[in-house]
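Just so we're aligned: the first sequence equals residues 55 to 621 in the working numbering.
Cβ atoms here follow ideal geometry from the backbone N, Cα and C, with glycine treated the same way.
Since the structure is predicted, the reported quantities are computational estimates derived from the model, not experimental observations.
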Amino acid sequence: MSYALLEFKNEIIDEILDIVEVPEEEIDIERPSEERGDYALPCYPFSPILKKDPEEIARELSEKIELENGSVERSGPYLNFNIDEDRLSKDTVITCLEKEEDFGSLHSKGEKVIVEHTSANPNGPLHVGRARNPIIGDTIARIYEKAGYEVERQYYINDIGKQMAILTWGVLNLDEEDLPDTERDKDDHDLVRYYQKASRLLEEDEELEDEIQEIIGAMEAGDEKIFTQLTENAETVMSGITESLERLEIPIDSYKRESSLIKESSVEDVIKELWELEDTKKEDGAIYYEDEDRKTFVTRENGTNLYPARDLAYHVWKSKRADRLINILGEDHKSHGRFLLDALEDLNVEPLPETVFHSFVTFEGEEMSTRKGSYVTLDEFMDTAHEHAEEEILKRRDDLSKTDIEDIAEKVGMGAVRYNIIKVQPEKPIDFVWEEALNFQGESAPFIQYSYTRAKSILEKWRKKEGEDLSKTEKLDLESFEEGEIRLLKKIAELPLILRKAADQNAPHHPARYAHGLAAEFNQFYRDYPVLHSKNQKLERIALVKSFKFAITSVLETLGIKKPKEM
RNA sequence: GGGCGUGUGGCCUAGUCUGGAUAAGGCGACAGCUUCCUAAGCUGUAAAUCGAGGGUUCGAAUCCCUCUACGCCCGCCA
């Protein structure tokens, strides 16, 4: 069973190609506003090709097109297509019941994609600003899974380099007594105090710079003790970071340590290869790559290597392990991204990475910075969201056990955190405001989760009463749904289109927006069409509610938002 | 100064890549809806010269140019 809307579109394109001689890429079938139809086609673009009036073309097409799955209507120079609603209804319900929460998934591409995200310096806890990266990355990973790819989520651990040297200097030289109390009993919150204090000292005392450089030099020279200390600190902070990510349902499949690239000497190798290129030059012993009169240094004067070199080596390594590479980076890495692309292309590396850049998150108008300690941590955001969810539950329910409340509050709270970040397209800046982030109405995860629990509740009541699940769809009349029901079915049927668009554009906000629309559509159905009290349509509506439940489950999975059992 | 990105009702955003027929949603405001499957819901009203100006086009929020506000980058940091 396949997807009705996708099939219909293909049918329209095939028909048009049969009638007029236009290149396929000129056939731009769009989704118009609802009143006009399911698909529309302006005929203007054909006018210069066929040397005819667009209205004339539309007329000709509308007369000759023969559609099996729907109808066409001409409106001036436009063609509006309407899918056969009975057919759409039946196909959609049957496909949903068959594919269950897999509904919306596309055919396997047989390709592997590595999604690299977060890769934050392990020098402290994630703050809300940095949390945008894993949330975007993980959602894109989930989108690619639905779009038929094999996906590996990778975290690149910057466990060496200056920031880590600063942290390590702090751990080696500072007394815990001189540090402020830790905000929470968690490894990343514990160690960030050393990093922050060391950073402050470094700003005041230039001689410290030499000590830090010494640490870097020793590490690259193979000093086991320093190396161990550095990577151990990274490891410690990482355990705190991954703990936070796990709470948000963000798993990491594999880690690549920056330090391992040094050990495997692949950094050295890539610098050698780079040196062969025309655009690679030397200045005072330091090697740089030049593109469009911009220099990117890959080694220091003293011979130690720099982040661009290591990142190059990392991408060479990655490129051998996947068919596509997706990177999620903050907008401050844009010029680095361009360097990376140019240099990798020059080195004939394939595949080249596709990068999603995201703008920063400010906190009530102010910049967030780990170094300065001015931020709302992700942990704090999650805790507050959980507490807020708990309050909201207590406002409406007094019949739930403590464990149930805990469980629901966690799912609602974490859903709210993810949705709040993902609903905005990555390139747009976000200003984090508590009041908005904790709004659980309208465009929010709880709104979507609520519609899910409504559907679930209906299905459970029905099962309890009838003692059986819906089994024989053949006996159902799936071709006589009413207007509001069809609207819901059309919305459900849209899911595969949305997932395809999201994957094509690396745009994780699309499924987020869609989820809200789907939930809203169900809420209207819920108001207008009694299910359990229906006289003649009960089984059909049960099937429809069930279809919705699978579709919304599929989107929630894509967004990494859990389903509370009730709300 | 140069490069990149963003600017859409009071507020937050979708639509911009791939130009198309009355600019879509949420928050807030106002007016309503609970003898009936959970009101974290639903209905309705008011509110937008799509940052400004010019251009291309049969047609521009969408493409091009200029300007403007804001953010990011312009390190032998990452």
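Please report the residue range of the alpha helix (DSSP H) in which residue i lies.
i	result
L394	K388 to D400
A443	L432 to R450
K545	E537 to A547
V321	S320 to W329
I73	A58 to I73
Q479	Segment: none, Q479 is in no alpha helix (DSSP H) and carries neither H nor E.
S143	E139 to K153
N287	E278 to R301
A376	It is not in any alpha helix (DSSP H) - A376 carries neither H nor E in the DSSP assignment.
Between residue i and residue j, what straight-line distance do the alpha-carbon atoms span, to the nearest angstrom?
i	j	result
L394	L366	7 Å
A386	E274	Before going further, note that residue 386 is Asp rather than Ala in the sequence given. Roughly 27 Å separates the two Cα atoms.
K372	S308	12 Å
K336	I325	12 Å
L542	E300	34 Å
E206	R378	11 Å
M468	A499	9 Å
S173	V403	22 Å
K251	E312	25 Å
L530	S601	14 Å
I194	Y248	34 Å
G215	I270	7 Å
T480	V410	Note that residue 480 is Pro in the sequence shown here, rather than Thr. The straight-line gap from Cα to Cα measures roughly 8 Å.
T457	H563	32 Å
F435	K374	38 Å
I306	V225	27 Å
For residue i, I'd like the list of residues in its chain whose CB is within less than 6 Å of its CB, leaving aside the five on either flank, ordered along the chain.
i	result
A569	I502 and V609
G202	L160, H161, S162 and K163
D192	I304 and G614
F486	V182, V415 and F417
Which one of the options has the shortest CA to CA distance from residue i?
i	options	result
R238	G294, E199 and T285	G294
L95	Y361, S129 and L104	S129
R186	L401, E261 and V430	V430
Y210	I380, D156, D485 and K251	I380
L532	F435, I148, H171 and D229	I148
I197	P618, L315, K617 and E611	E611
A561	K482, E490 and K153	K482
R554	D145, F157 and E88	F157
M422	E620, R184, R85 and S87	R184
T118	L598, K106 and E69	What sits at residue 118 in the sequence shown is Lys, not Thr. K118 has its Cα closest to that of E69, out of L598, K106 and E69.
R90	L133, V74 and S101	L133
Could you pull out every residue in the same chain whose Cβ sits closer than 8 Å to the Cβ of residue i, ignoring the five residues on either side in sequence?
i	result
A340	F351, T353, R354 and E355
L492	T438, A439, H442 and A470
W329	I341
R113	R128
H243	G178, P179, T236, E237, G294, T431 and D433
E344	D333, T334, K335 and T350
P234	R247
F100	V74, V76, E80, K106, P108 and I111
Below 8 Å, is the gap between the Cβ of residue i and the nearest heavy atom of the ligand ADP?
i	result
T527	Absent from the structure shown: the ligand ADP. Ligands present: none.
Decide if residue i is buried, meaning its Cβ has at least 16 other Cβ atoms within 10 Å, or exposed.
i	result
L245	buried
K240	buried
F175	The question names Phe, but residue 175 is Asn in the sequence shown. Buried is the call here.
S298	buried
Q559	exposed
I103	exposed
So the beta strand (DSSP E) residue i belongs to, where does it begin and stop?
i	result
I111	Run containing I111: none in the beta strand (DSSP E); it sits in the alpha helix (DSSP H), P108 to K118.
F351	R348 to F351
A201	Premise fails: A201 is in no beta strand (DSSP E) and is neither H nor E.
Between which residues of its own chain and residue i is the CB-CB distance below 7 Å, once the five residues before and five after are set aside?
i	result
N123	E61, F62, E65, I137, D138 and R141
D213	P176, L284, T285, A288, R311, E312 and S313
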